[in-house]
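S.K.: Just so we're on the same page, our numbering is the position in the sequence shown counted from 1, plus 183.
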Amino acid sequence: MNLKARVVACVFAAATSLVAAQSQGITKTEIVLGSITDLSGPAASVGKPQRQGMLMRMDELNELGGVHGRKIKLLVEDSAYDPKRAVLAAQKLVNLEKAFAVAGTLGTAPNMATMPVLFEKSVINFYPMTGAREMYEPAHRLKVAFLPNYYDQMRVAVPRLLNERNLKKPCILYQDDEFGLEVARGTEAGLKTAGMELVEKTTYKRGATDFSSQVAKLKAASCDMVILGTIVRETVGAVVEARKIGFNPVFLTHVGAYSDVTARLGGKAMDGLFATHTAQIPYADDSSQQVRHWAAKYRTKFGEEPSEYATYGYHIADAFIRIAQQAGPDLTTDSFIKALETVALPRDLFGFMEESFSATKRLGNPYSRLSQLQDGRWRVVSDYITFNGLKVEVGKDGRMKMVLEQFKQQ
184 MNLKARVVAC VFAAATSLVA AQSQGITKTE IVLGSITDLS GPAASVGKPQ
234 RQGMLMRMDE LNELGGVHGR KIKLLVEDSA YDPKRAVLAA QKLVNLEKAF
284 AVAGTLGTAP NMATMPVLFE KSVINFYPMT GAREMYEPAH RLKVAFLPNY
334 YDQMRVAVPR LLNERNLKKP CILYQDDEFG LEVARGTEAG LKTAGMELVE
384 KTTYKRGATD FSSQVAKLKA ASCDMVILGT IVRETVGAVV EARKIGFNPV
434 FLTHVGAYSD VTARLGGKAM DGLFATHTAQ IPYADDSSQQ VRHWAAKYRT
484 KFGEEPSEYA TYGYHIADAF IRIAQQAGPD LTTDSFIKAL ETVALPRDLF
534 GFMEESFSAT KRLGNPYSRL SQLQDGRWRV VSDYITFNGL KVEVGKDGRM
584 KMVLEQFKQQ
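1. Could you tell me which uninterrupted alpha helix (DSSP H) segments, each at least 4 residues in length, are contained entirely in the region 482-515, listed from first to last along the chain?
2. Identify, in the order they occur along the chain, each residue of the same chain with its Cβ nearer than 7 Å to the Cβ of V382, setting aside the five sequence neighbours on each side.
3. For the putative contact between L325 and F302, defined by C-beta atoms under 8 Å, what is the C-beta separation to the nearest angstrom?
4. If you follow the alpha helix (DSSP H) that P266 is part of, which residue opens it and which one closes it?
5. DSSP state of Q205, grouped into three classes?
6. Here's a check: name, in chain order, each residue in its chain whose Cβ is nearer than 6 Å to the Cβ of K388, leaving out the five neighbours to either side.
7. Out of curiosity, what's the CA-to-CA distance linking L164 and A458?
8. Taking its Cβ as the centre, do 16 or more other Cβ atoms sit within 10 Å of P232, making it buried, or is it exposed?
9. Identify the continuous alpha helix (DSSP H) that holds A403 and give its terminal residues.
10. Buried or exposed: S541, going by 16 or more other Cβ atoms within 10 Å of its Cβ?
11. Determine which residues share a DSSP beta bridge with C354 and list them.
12. Are F434 and V398 closer than 8 Å when you measure CB to CB?
13. Is the Cβ-Cβ distance between V563 and S551 less than 8 Å?
14. Would you report the Cα separation of R175 and G559, rounded to the nearest angstrom?
15. Between the alpha carbons of D393 and E491, how many angstroms are there, rounded?
16. Can you list, in chain order, the residues of its chain with a C-beta nearer than 6 Å to that of A467? Leave out the 5 residues immediately preceding and following it.
17. So within the region 215-288, which uninterrupted beta strand (DSSP E) runs reach at least 3 residues, ignoring any that extend past its ends?
18. In this structure, how does DSSP classify N294 when only helix, strand and coil are distinguished?
19. Mark E260 as exposed unless 16 or more other C-beta atoms lie within 10 angstroms of its C-beta, in which case mark it buried.
20. Where does the unbroken beta strand (DSSP E) through V563 begin, and where does it stop?
21. Mind reading off the beta-carbon distance from G369 to R338? Whole number of angstroms is fine, and I expect it under 8 Å.
22. Could you check the C-alpha separation between I209 and K254 for me, to the nearest Å?
23. For a quick check, are the C-beta atoms of G217 and L276 less than 8 Å apart?
24. With DSSP run on the structure shown, which of helix, strand or coil describes A391?
25. Would you call the region 484-500 and the region 223-237 in contact, with 3 or more CB pairs under 8 Å?
26. Determine the closest residue to Y536 out of F329, K211 and P465, with distance taken between C-alpha atoms.
27. What residue from Q336, L247 and T543 has the CA that sits closest to T313's CA?
28. For A377, name the three-state secondary structure that DSSP assigns.
29. Report the three-state DSSP secondary structure of N308 (helix, strand or coil).
30. What separation, rounded to the nearest whole angstrom, lies between the Cα atoms of H498 and D531?
31. Report the rounded CA-to-CA distance for M239 versus L401, giving the unit in angstroms.
32. Strictly by DSSP, which residues pair up with L528?
33. Please report the straight-line C-alpha distance between A500 and E424, rounded to a whole angstrom.
34. Pick from T516, Y264, R416 and H437: whose alpha carbon is nearest that of S223?
35. Apart from the five residues just before and just after A322, which ones in its own chain have a Cβ nearer than 8 Å to its Cβ?
36. What separation, rounded to the nearest whole angstrom, lies between the Cα atoms of H476 and P465?
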C-alpha cells in the first residue's frame, strides 16, 4: 500500500471510530441509557424513588413507541454512594453496555469519579443528581446539569435567613468531602456579604450515624443558626441529637435533604428546619389536579407514596426524551448536543423552572427557593429568586438589611 493509500485508510478509520463513539448505544430500535444511583447505601432513600421516577417516564414513552421509533432501555447501577463502586458501574455501562449517555448519577463524589470514564468515550453526563458546580464548570460539551449549585443556594439563603431572624452566631456541620465543602464555601461567601464569619464549624465522615460530639461542639459555641451540609439521614441524625440535648438553633439545609423522608424519619423534631429546593413534594392532596393524578399513578405502579426524588427522576427522564426528540431520527452525540443548545424546556407540573442551555451555559436553571417543615410537611416560604448580585448592609441600629441588586421574583 502506497503512502497516499495508507493516509486515506487512516483517515477513514478515524472517521469511522468517531461516528461509532458518537452513536454508541443507538440502534434502529433502541437507545441505551445508563444511570448510577444509591440503591443500598446511606442515600438509598434518594436513589430508589429517583430510579422509579425515571422508570415511570420511560415506560410511558415506550408504551407510545419511543423516540422516533426507538425505545429507551434504562440500565440502573447501584453505587451505594461509594465513588469506587460508581467508577466500576460507569465502566460497565460505558464499555460493556455501550450506553449512549449516563443520566441522574447521584452524589458529588460519585460524579467526580465517573465523569473521566464517561468523557473518555464521549458519553454525556446528563442531569447529575448533585448541586456541585463541577457538574457544569468549566463548560464542557458532555456536561448537562439541572440542579442549582450548593454554593449559590447557600450564598443566597444564609444571609436571607440571618436577616429575617436577626441571627448573630452562624455555624456549620458538613460532610467531609467535595459535596460538603461546596455547602461550606457557599455559606462562607454568603456570610462575607453580610460582614460576618462562622462562629464554629465541624465535620463528619460519609456514612456517619453518631453526631453527638459535633452537635455538642456547636451547642458549646452558642450557635443560633446551623447550616447543614448533610444528606437526608445525616440531617435527621444531627437535628434529632440537637433537640435531645435542648439545642434549638435555626437549622438550614439544601436541596439534597429537602425530602419527605426527612420529616418521616425525624418526626416532630424536624419541625422548623429550612431547606432550599426546586421541585415541590407531590403530596396526595396537592392543589394541582395534574400532580394528584401523577401521584395516584405512581402509587398504583410502585405501591408507595412518591417523594420529591421520584419527581427528580421523572424530570430527568422527561428532559432526556424531549431533547432526544428534538435531535431527530438521526440521533448521535452531536445531534443531541445541538438540540440541547436550541431547545427551551418549559416549567413542569412539579415546579421545576424553565431550563435552557448553550455552548457556554451547561446549567439549565441556577435558581432555588425556600421551604420550611411545619407540622411534618414542607411549606414553600419563598418563590424562585433570580440574582446577579447580593449585598447585606448593616444599619445604624445594628440590624441587617437585604439589598437585592437586579433581583426579581419569578
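Using N, Cα and C, we set each Cβ at its ideal position, and we do this for glycine too.
M.R.: To lay it out plainly:
1. 491-510
2. K352, P353, C354, A404 and C406
3. 5 Å
4. P266 to Q274
5. The predicted model places Q205 with a pLDDT of 47, which falls under 50 and marks its position as unreliable; any figure quoted below should be read in that light. Helix, per DSSP.
6. D359
7. Here the chain has residues from 184 to 593 only, and residue 164 is not among them.
8. buried
9. S395 to A403
10. exposed
11. E383 and V409
12. no
13. no
14. An answer regarding residue 175 cannot be provided, because it is not within the stretch 184 to 593 covered by the chain.
15. 26 Å
16. A478
17. 254-261 and 284-286
18. helix
19. buried
20. R560 to V563
21. 5 Å
22. 10 Å
23. yes
24. coil
25. yes
26. Note that residue 536 corresponds to Met in the displayed sequence, not to Tyr. Closest option to M536, Cα to Cα, is F329.
27. Q336
28. coil
29. strand
30. 8 Å
31. 43 Å
32. E538
33. 37 Å
34. Y264
35. A542, T543, K544 and R545
36. 10 Å
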